[in-house]
Every structure is written in structure tokens, then in C-alpha cells.
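**Q**
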Amino acid sequence: MAQIAKIKGCYVVGSTGAADKAAWLKNVVGLDAVINYKDQLIRTALEEATPNGIDVYFDNVGGDHLEAALRRMNSLGRIPVCGFISGYNSGQSSVSNLSNIIYARVTLRGFVGTDFMHLYGDFQRDMGQWLKDGRVKYQETIMDGIADVPAAFIGLMEGRNSGKMMVRLTDE
0 MAQIAKIKGC YVVGSTGAAD KAAWLKNVVG LDAVINYKDQ LIRTALEEAT
50 PNGIDVYFDN VGGDHLEAAL RRMNSLGRIP VCGFISGYNS GQSSVSNLSN
100 IIYARVTLRG FVGTDFMHLY GDFQRDMGQW LKDGRVKYQE TIMDGIADVP
150 AAFIGLMEGR NSGKMMVRLT DE
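Reading the sequence shown from the start, the letters are residues 0 to 171 in numbering that gives the first Met the number 0.
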């Protein structure tokens with residue numbers, strides 16, 4: 000999402016929990032600002048990274064990230080929500096400032112990818128061209144064999160992957 004937003008001319012702030020991932024997002028992808036939430040308080044870092052506030056916050060984390068973003072939302076801002084990874088194990092969201100939705104008149108809307116199937120052809124065309132042109136960068140972490148599936152899944156949940164976590168299966 001961040002790379003598409005950059006291509007479309009947006010000021011983009013990314014968030015990650017590892018220095019190498021932060022460097023990749025800043026230096027390779029070209030995001031305007033990158034927060035390492037394990038090294039910085041997300042609330043303070045987001046405030047510094049968004050001096051003009053936030054118009055659109057893409058949320059798949061919830062918790063502290065969403066709470067920090069709600070504090071920075073501009074009037075009539077929008078928050079598309081596709082996940083709450085911070086609360087998956089606890090089953091709870093720790094957001095306490097939902098009243099900001101009212102005062103800033105923020106639109107908060109959940110979605111799943113299938114909501115936009117009517118745009119899939121456009122996405123394929125555009126993404127194919129951006130990949131061909133080198134405008135979209137990607138990383139992959141590839142593990143080999145069905146025996147590595149548990150380690151791959153645990154690594155994914157612990158953030159040990161760079162980019163997509165995949166397991167290569169062979170006929171062996």
C-alpha cells in the first residue's frame with residue numbers, strides 16, 4: 000500500500016519493528032518517513048513524522064498504532080481497516096481515544112480485498128507495469144520444504160521475514 004501511495008503522489012510514513020526493514024523502506028522504497036516502533040514510542044514518532052497531520056491512515060495493526068494515528072487525524076480523514084494484528088492473540092483492542100473519530104469527523108471503515116474485485120483488472124494492469132518499470136520493489140523470505148512450514152509461520156508471526164514469507168514445495 001505504501002508504494003502505491005507514493006506512486007500516486009502521497010506523503011507516506013511507514014512503520015516497522017526492525018532497523019533493517021526501516022532502512023529498506025526509507026532507502027529502497029523511498030518512503031518519506033519510517034518509524035521503528037521498537038526503538039521509538041509510536042505516538043511521539045508519528046507526531047514528529049506527520050507535522051501536517053494525517054488524511055488517510057491504512058490500519059492493519061490496531062492498538063497503539065491506531066491510537067497514535069487517531070490523535071493525528073485531520074478533519075474528514077479516512078481510516079480503512081483490514082486487520083488488528085496487535086489484538087489477535089488477546090482478542091481486544093487497546094484503543095482508548097475513539098472519541099477522536101467524532102471530533103475530527105473521521106471515517107473508519109473495515110474492508111476485505113473482495114470488496115474491490117471490480118477493480119482487479121485495473122490493479123493487474125497497473126501493478127504489472129509498476130513491477131516491470133521497477134517502481135514497486137519487493138522482498139521475499141523463502142523457506143524450503145513442507146517440514147519448514149511451522150518455522151515459516153512462527154517466523155512470520157515474530158517478524159523474522161523480510162517481505163512475503165513463502166515456503167517452496169517440491170516434488171521430492
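Glycine included, each C-beta is placed from N, C-alpha and C at the ideal position.
1) To the nearest angstrom, how far is it from the Cα of residue 0 to the Cα of residue 169?
2) Would residue 76 and residue 58 qualify as a contact pair, given that the criterion is a beta-carbon distance under 9 Å?
3) Count the other CB atoms, across all protein chains shown, that sit within 10 Å of the CB of residue 2; report buried if there are 16 or more and exposed otherwise.
4) Measure the alpha-carbon distance for residue 69 versus residue 100 and round it to whole angstroms.
5) Along the alpha helix (DSSP H) that carries residue 32, what are the first and last residues, could you check?
6) At the level of alpha carbons, what is the spacing between residue 107 and residue 135?
7) From residue 44 to residue 165, what distance separates their C-alpha atoms?
8) If contact is defined by three or more beta carbon pairs under 8 Å, each pair taking one atom from either stretch, is the segment 150-162 in contact with the segment 120-130?
9) Near residue 36, which residues of its chain fall below 8 Å by C-beta distance, leaving aside the five closest residues on each side in sequence?
**A** Working from what's here:
1) Taking the first residue of the sequence shown as position 1, residue 0 is located at position 1. Taking the first residue of the sequence shown as position 1, residue 169 is located at position 170. So the alpha carbons of these two residues sit roughly 31 Å apart.
2) Taking the sequence shown and counting its residues from 1, one reaches residue 76 at position 77. Taking the sequence shown and counting its residues from 1, one reaches residue 58 at position 59. No, they are not a contact pair.
3) Locating residue 2 in the sequence shown gives position 3, counting from the first residue. Its Cβ being crowded by 16 or more others within 10 Å, residue 2 is buried.
4) For the purposes of this step, residue 69 is identified with residue 70 of the sequence shown, where counting begins at 1. For the purposes of this step, residue 100 is identified with residue 101 of the sequence shown, where counting begins at 1. C-alpha separation (whole angstroms): 7 Å.
5) For the purposes of this step, residue 32 is taken as the residue at position 33 of the sequence shown. Not the alpha helix (DSSP H): residue 32 falls in the beta strand (DSSP E), residues 32-35.
6) Counting from one through the sequence shown, the residue named residue 107 turns up at place 108. Counting from one through the sequence shown, the residue named residue 135 turns up at place 136. Taking the straight line from one Cα to the other gives about 27 Å.
7) By 1-based counting over the sequence shown, the position of residue 44 is 45. By 1-based counting over the sequence shown, the position of residue 165 is 166. So the two alpha carbons sit approximately 31 Å from each other.
8) no
9) What you label residue 36 is simply residue 37 of the sequence shown in a count that begins at 1. Answer for residue 36: 14, 15, 16, 44, 63 and 64, listed in chain order.
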